[in-house]
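Sequence lines, in order, name chains A and B.
For what it's worth, the working numbering labels the leading residue of the first sequence as 1, then goes sequentially.
For what it's worth, the working numbering labels the leading residue of the second sequence as 1001, then goes sequentially.
Yeah, the Cβ is synthetic: ideal placement off N, Cα and C, and Gly gets one too.
Note that the structure is a prediction, hence the values are computed from the model and not measured.
2 protein chains.
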Amino acid sequence: MSPAVAHNLDHTFHALADPTRRALIVQLKAGGRRVTDLADAHTMSLNAVSKHIKVLERAGLVERHVQGREHRIQIADDPLGEAETWLTDTREFWETRLDRLAHMIGASEFAAPQNRAVREEKR
Amino acid sequence: MSPAVAHNLDHTFHALADPTRRALIVQLKAGGRRVTDLADAHTMSLNAVSKHIKVLERAGLVERHVQGREHRIQIADDPLGEAETWLTDTREFWETRLDRLAHMIGASEFAAPQNRAVREEKR
DNA sequence: TCTATATTCAACCAACTGGTTGAATACTAA
DNA sequence: TTAGTATTCAACCAGTTGGTTGAATATAGA
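1) Got a sec: is the Cβ-Cβ distance from A/Asn115 to anything in chain B below 7 Å?
2) Quick check: what's the CA-CA separation for B/Asp1010 versus A/His71?
3) Using a Cβ distance threshold of 8 Å, determine whether the segment 25-45 of chain A contacts the segment 1028-1037 of chain B, with at least three qualifying pairs required.
4) Determine whether the beta carbon atoms of B/Val1062 and B/Ala1015 lie at a separation below 7 Å.
5) Does the distance from the C-beta atom of B/Thr1020 to that of B/His1052 stay below 7 Å?
6) What does DSSP give as the partner residues of A/Glu70 in its beta bridges?
7) Which residues in chain B have a C-beta closer than 8 Å to the C-beta of A/His52? List them in chain order.
8) Of all the CB atoms in chain B, is at least one closer than 7 Å to the CB of A/His65?
9) Does any CB atom of chain A fall closer than 7 Å to the CB of B/Asp1010?
10) Per DSSP, B/Val1062 forms a beta bridge with which residues?
11) Check the Cβ-Cβ distances between A/Glu82 and every residue of chain B, and say whether any is below 7 Å.
12) Are the beta-carbon atoms of B/Leu1024 and B/Leu1046 separated by less than 7 Å?
13) Using the beta-carbon count (16 or more within 10 Å), is A/His65 buried or exposed?
14) Which residues mark the beginning and the end of the alpha helix (DSSP H) in which A/Thr36 is found?
15) Taking B/Ala1041 as the query, report the chain A residues whose CB atoms sit under 9 Å from its CB, ordered along the chain.
16) For the candidate residues A/Ala59, A/His42, A/Arg22, whose alpha-carbon lies nearest to that of A/Ala76?
17) Quick one: list the residues of chain A neighbouring B/Leu1016, beta-carbon separation under 7 Å, in chain order.
18) Leaving aside the five residues before and after A/Ala44 along the sequence, list all residues of the same chain whose C-beta is less than 8 Å from its C-beta, in chain order.
19) Given a threshold of 16 other Cβ atoms within 10 Å of its Cβ, counted over all protein chains shown, does B/Arg1022 qualify as buried or as exposed?
20) With burial defined as no fewer than 16 other Cβ atoms inside 10 Å of the residue's Cβ, what is the status of A/Ala41: buried or exposed?
21) Nearest-angstrom Cα distance between B/Gln1074 and B/Glu1057?
22) Excluding the 5 residues preceding and the 5 following A/Asp18 in the sequence, name in chain order all residues of the same chain whose CB lies nearer than 8 Å to its CB.
Spelled out as structure tokens, the structure:
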């Protein structure tokens, strides 16, 4: 594996290892959002959310489209890009595990509990 | 999602975000290994590898069986355990992405480049 | 027993993370 | 032009990470 792709894997898994960032991805599943909109669902500062978005961006999981002063964030079209061409000799082994992860990630209560509580309050 | 499972996801993705730990998993794919055996393939100290194994263990990705003074490490039988039962409302969305990750993770050159070079030297 | 082996524990360190606040930049609209 | 909005940048901070070294613990074998 090229260093570039190993790097990419580091970034991808690191990005997914934080509950706020996973919650952001779930928010974005419903469509593109501005940074401010995304931040409204969280207790932390706008700046903190802005940083989390940058981590997702670095991992290639989301894309940013700047329209005037607004930055519209959306799930990346092709989040893993060129990496798809790599060899697959342990593929079956991992597929079962990642398939289970897919279930977990897809859960409606995927967001961190404290964030869900906050959203309830804000309604 | 219960806090316990969110926690588990944090641990799982965090564990996978390090190239040394991914390399350890690839080593273990061929069968259980002692801590010392695993460490031989890496340039870092035995202690450092021991710490990485603990991170994988915490994530439930590997299991440890102590036989006398030797600790045999192996891929966990059921690495994601109870988490499988969670809802799946974004499942299709993520499956395509995780399927691509499965390809990447399965690559023969999965290990960090510097570690591969070291293994070559040691032969 | 004594010595070597297998492993962890503990303390330390530099770098990184995830958060904060305040200021800067850039755009929109009155 | 002016005021307000959207966002990033920069500095800071406490906690974590990933590595080190040295000591402790436990087992195996002569």
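Reading from the atomic positions:
1) Along the first sequence, read from residue 1 onward, the residue named residue 115 of chain A stands at position 115. Because the pLDDT at A/Asn115 is just 32, under 50, the model does not fix this residue reliably, and the point stays unresolved.
2) On the second sequence, residue 1010 of chain B is found 10 positions in, with the first residue counted as 1. On the first sequence, residue 71 of chain A is found 71 positions in, with the first residue counted as 1. One C-alpha to the other measures close to 28 Å.
3) no
4) On the second sequence, residue 1062 of chain B is found 62 positions in, with the first residue counted as 1. On the second sequence, residue 1015 of chain B is found 15 positions in, with the first residue counted as 1. No, they are not a contact pair.
5) Translated into positions along the second sequence, residue 1020 of chain B becomes position 20. Translated into positions along the second sequence, residue 1052 of chain B becomes position 52. Their beta carbons are under 7 Å apart, which means B/Thr1020 touches B/His1052 by this criterion.
6) Position 70 of the first sequence, counted from the start, is the residue given in the question as residue 70 of chain A. In DSSP, A/Glu70 forms a bridge with A/Gln67.
7) Stepping through the first sequence from its first residue, residue 52 of chain A is reached at position 52. Those within 8 Å of A/His52 in chain B number zero; the least Cβ separation is about 14 Å.
8) Residue 65 of chain A sits at position 65 when you count from the first residue of the first sequence. No, A/His65 does not count as interfacial toward chain B.
9) By 1-based counting over the second sequence, the position of residue 1010 of chain B is 10. It does: the Cβ of B/Asp1010 has a partner Cβ on chain A nearer than 7 Å.
10) Position 62 of the second sequence, counting from 1, holds the residue named residue 1062 of chain B. According to DSSP, which records beta bridges pairwise, B/Val1062 is partnered with B/Ile1075.
11) For the purposes of this step, residue 82 of chain A is taken as the residue at position 82 of the first sequence. Bear in mind that a pLDDT of 33 at A/Glu82, under 50, signals an unreliable position, so the model cannot answer this.
12) By one-based count along the second sequence, residue 1024 of chain B stands at place 24. By one-based count along the second sequence, residue 1046 of chain B stands at place 46. Taking 7 Å as the Cβ cut-off, B/Leu1024 and B/Leu1046 do not qualify as a contacting pair.
13) The residue labelled residue 65 of chain A in the question sits at position 65 within the first sequence. With fewer than 16 Cβ atoms within 10 Å of its Cβ, A/His65 is classed as exposed.
14) For the purposes of this step, residue 36 of chain A is taken as residue 36 along the first sequence, with counting starting at 1. First-last of the alpha helix (DSSP H) with A/Thr36: 35-40.
15) Against the second sequence, residue 1041 of chain B aligns to sequence position 41. Going along chain A, no residue has its Cβ under 9 Å from B/Ala1041, so there is no contact; the nearest lies around 16 Å.
16) Here residue 76 of chain A refers to the residue found at position 76 when the first sequence is read from its first residue. Nearest C-alpha to A/Ala76: A/Ala59.
17) To locate residue 1016 of chain B, count along the second sequence from 1; it is residue 16. The contacting residues are Phe13.
18) If you number the first sequence from 1, residue 44 of chain A lands on position 44. The sequence given here places Met at residue 44 of chain A; Ala does not occur at that position. So the qualifying residues of the chain are Thr20.
19) As a first step, residue 1022 of chain B is located in the second sequence; it is residue number 22 there, counting from the start. Classification of B/Arg1022: buried, given that the 10 Å Cβ count is 16 or more.
20) The residue you call residue 41 of chain A lines up with position 41 of the first sequence. A/Ala41 is buried by the Cβ-count criterion.
21) Locating residue 1074 of chain B in the second sequence gives position 74, where the first residue counts as 1. Locating residue 1057 of chain B in the second sequence gives position 57, where the first residue counts as 1. Between B/Gln1074 and B/Glu1057, the C-alpha separation is close to 10 Å.
22) As a first step, residue 18 of chain A must be located in the first sequence, where it is residue number 18. For A/Asp18, where only same-chain residues beyond five positions count, the Cβ hits under 8 Å are His52, Val55.
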